[in-house]
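Numbering (our numbering), first residue to last: 42 to 249. Where is the CB? At the ideal position from N, CA and C, for every residue including glycine. To keep things clear, I will list the structure first and then write my remarks on it.
Below, the structure is given as structure tokens:
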């Protein structure tokens with residue numbers, strides 16, 4: 042039980058650290074519908090399903106033997122996050138609407154939002170490092186298969202619950218009204234954050 046509590050606390054700390062997943066969910070929740078935000082949350086959760094399962098299967102050993110793979114993931118992830126950021130910045134720089142008229146809520150298919158959430162999570166090398174090192178460190182040879190899959194279930198559920206809470210908070214009417222008034226600034230800041238994440242991953246990976 043102590044192992045479950047330890048992993049739960051470590052994973053919660055990782056979730057509380059703002060990153061691409063958090064910015065994606067919050068921006069989606071205020072700019073679109075609550076339903077679409079939840080599809081984004083499901084996409085991110087599916088990404089965690091993949092990474093945590095790989096950690097159980099020996100992701101740490103794979104990364105140790107294939108050092109180039111971590112860098113490749115970092116560069117590919119950085120390019121995707123930069124691309125997403127540029128899209129947000131382009132939307133923020135579009136011609137403003139008439140004075141006093143709020144911008145319309147952005148529309149995108151539910152499955153496209155789910156796919157974007159999944160790719161956002163999969164493209165973040167920090168998630169790979171977390172599951173390949175910190176998470177894997179707690180899974181020694183003495184941990185039974187039942188315990189491993191119990192931990193996997195807990196991590197996935199914890200991720201889903203946290204980002205569901207984030208989506209719910211940012212989808213509140215007050216949040217959405219604020220977004221409609223300040224959408225260009227919010228999209229611009231979110232886009233700049235994604236571009237910064239992407240550039241850091243692309244060029245920062247060279248030092249490893």
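- Cβ-Cβ distances below 8 Å link residue 241 to 119 in the same chain, with the five nearest sequence neighbours on each side left out; the list follows chain order.
- Here DSSP, grouped into helix, strand and coil, assigns residue 60 to coil.
- Note that the C-beta distance between residue 233 and residue 126 is below 8 Å.
- Contact annotation, residue 52 with residue 196: C-beta distance approximately 5 Å; criterion of less than 8 Å satisfied.
- Taking a C-beta distance under 8 Å as the contact criterion, residue 154 and residue 81 qualify as a contact pair.
- In the three-state DSSP reduction, residue 75 falls in the helix class (H, G or I).
- In the three-state reduction of the DSSP assignment, residue 213 falls in the coil class.
- Between the stretch 210-219 and the stretch 86-98, the count of Cβ pairs shorter than 8 Å is below three; the stretches do not touch.
- The Cβ atoms of residue 216 and residue 66 lie no closer than 8 Å to each other.
- Here residue 89 is near residue 200, since their CB atoms are less than 8 Å apart.
- For the 8 Å CB-CB criterion, residue 129 and residue 55 do not form a contact.
- Secondary structure note for residue 134: it is in no alpha helix (DSSP H), with a DSSP letter that is neither H nor E.
- Look at residue 67 here: in three-state DSSP terms it is helix.
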